[in-house]
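Colleague: At position 101 of the sequence shown the residue is numbered 102 (my numbering), and the sequence of numbers has no breaks.
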Amino acid sequence: MSGGVRATGVGSHPGDDQRWFDEAVRVVLGELGEEPGLPYLPEVPGRGATATMTGRGLAVVDGLDADLQPAGWRLTGSSGSPGLDHRRAFSLLAQDLDTLEEQAHGLTGAFKLQVAGPWTLAATVERPRGDKLVADHGARRELAQALAEGVGAHVADVRRRLPSIERLVVQVDEPALAAVVTGSVPTASGFGRHRTVDLPEASQGLEWVLAAIADAGAEPWVHACAPGTPWGLVRGAGARGLSVDVEVLAAADHDVLAAALEAGESVALGLVPGAGGALPSDAHLTERVLRWLDMLGLDPAELPGLVVAPACGLAGADATYARAALALVRTSAANVRAG
């Protein structure tokens with residue numbers, strides 16, 4: 002039996018107010034709160050800029066202030082005087098953790114958090130004088146280090162709130178990493194592209210954050226669903242879990258995932274669309290997992306780190322689809338376990 006196979010979600014859920022977040026927590030705990038589930042802190046970005054991946058990431062960053070401009074989030078320095086919207090982002094994250102603490106009281110086993118990665122933040126947040134942080138070597142370095150500092154405190158806060166959790170996973174979301182290392186991040190005008198960040202620097206920025214997670218006693222994962230994500234670099238930077246969209250993987254990526262699984266690390270296979278259309282049957286999804294493993298010559302009974310998941314977040318789905326998608330990955334993981 003492949004007893005380690007689990008099911009989880011990427012993180013985001015549909016909705017546009019706090020009631021939707023409360024319901025998302027209930028859905029996640031209800032569908033994934035017991036084996037083979039890996040429950041997680043949901044995100045409901047439809048509530049506004051303070052609840053998006055970027056806003057939530059800035060709520061974790063330590064020592065850098067930000068405010069919200071018409072073009073999006075912008076750093077304002079390190080004066081200790083965050084703008085109104087940045088304070089709202091802090092407050093919303095704390096409120097969400099209060100809700101989680103109340104609903105997940107007594108939860109044991111494993112749990113997952115998500116935080117925007119340093120390169121995705123650098124590609125979406127502006128520097129004080131304008132344009133994205135990714136354009137400034139010093140600014141992107143400072144941001145990565147501030148995120149590393151803040152994520153350690155975030156892990157400690159969640160451990161305090163969920164004291165019975167035995168295994169805590171922190172998933173670093175890097176949807177923009179591929180664009181950063183290929184020079185595809187658009188400039189403010191939209192007519193140009195920012196220069197490529199070289200691979201050693203990209204690795205180092207990610208390494209600081211992943212090491213901080215590990216030092217805080219949590220397990221660092223990285224999620225990305227963009228084609229061209231350099232998974233070998235991600236694993237080399239210290240990720241002990243790789244969360245991927247199987248549909249966009251290149252041939253070489255499969256070798257990286259196989260090596261991770263054989264080393265006892267985690268691989269979350271994104272096989273369920275984040276929104277739209279009819280969901281596949283659990284039998285079909287189970288067969289896809291088994292075929293993928295067979296292609297790589299891997300035995301599911303020997304892979305404690307295998308995880309079944311949606312390919313991306315569920316924010317674009319409706320509530321019925323989101324719940325059904327989590328039920329589907331849970332059932333499929335149980336099928337693979339029973340294999």
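Beta carbons are placed, not taken as given, at the ideal position from N, Cα and C, and that holds for glycine. Computed from a predicted model, the values in this text were never measured in an experiment.
Leaving out five residues on either side along the sequence, give the residues of the same chain with a beta carbon under 7 angstroms from the beta carbon of residue 240.
Modeller: Contacts found: 211, 221, 222 and 223.
Colleague: Could you tell me which of 201, 205 and 181 sits nearest to residue 376, measuring between CA atoms?
Modeller: Limits of the chain in this structure are 2 at one end and 340 at the other, which puts residue 376 out of reach.
Colleague: To the nearest angstrom, report how far apart residue 296 and residue 306 are at their CA atoms.
Modeller: Using only the alpha carbons, I get a separation of about 18 angstroms.
Colleague: Which one of 218, 312 and 48 has the shortest CA to CA distance from residue 166?
Modeller: The option with the nearest alpha carbon to residue 166 is 218.
Colleague: Would you tell me roughly how many angstroms separate the C-alpha atoms of residue 173 and residue 11, rounded to the nearest one?
Modeller: If I take the Cα positions, the gap works out to 10 angstroms.
Colleague: Roughly how many angstroms separate the alpha carbons of residue 2 and residue 301, rounded to a whole number?
Modeller: Confidence at residue 2 is low in this model, with a pLDDT of 32, below 50, so its placement is unreliable and the value that follows should be read with caution. C-alpha separation (whole angstroms): 8 angstroms.
Colleague: Classify residue 115 as buried or exposed, calling it buried when 16 or more other Cβ atoms lie within 10 Å of its own Cβ.
Modeller: Label assigned to residue 115: buried.
Colleague: Got a sec, what are the start and stop residues for the alpha helix (DSSP H) residue 87 sits in?
Modeller: 85-104 is the span of the alpha helix (DSSP H), which, as asked, contains residue 87.
Colleague: So the beta strand (DSSP E) residue 73 belongs to, where does it begin and stop?
Modeller: Unbroken beta strand (DSSP E) run through residue 73: 73-78.
Colleague: Going by beta-carbon coordinates alone, are residue 58 and residue 117 separated by less than 7 angstroms?
Modeller: A contact, by the Cβ cut-off of 7 angstroms.
Colleague: Could you give the DSSP three-state label for residue 190: helix, strand or coil?
Modeller: Looking at residue 190 - three-state DSSP - the assignment turns out to be coil, as it is neither helix nor strand.
Colleague: Quick one: using the 10 Å Cβ neighbour count with 16 as the cut-off for buried, is residue 246 buried or exposed?
Modeller: Residue 246 should be labelled buried.
Colleague: Beta-carbon within less than 6 angstroms of residue 84's beta-carbon, same chain only, minus the 5 sequence neighbours each way: which residues are those?
Modeller: These residues qualify, in order along the chain: 68.
Colleague: What residue from 21, 291, 285 and 198 has the CA that sits closest to residue 315's CA?
Modeller: Taking only the C-alpha atoms, the option nearest residue 315 is 21.
Colleague: Just to confirm, is the Cβ distance from residue 77 to residue 66 under 7 angstroms?
Modeller: It is a contact, given that the beta carbons lie within the stated cut-off.
Colleague: Among the residues of its own chain, which have a CB less than 8 angstroms from the CB of residue 122, if the five just before and after it don't count?
Modeller: Answer for residue 122: 55, 58, 59, 62, 134, 144 and 148, listed in chain order.
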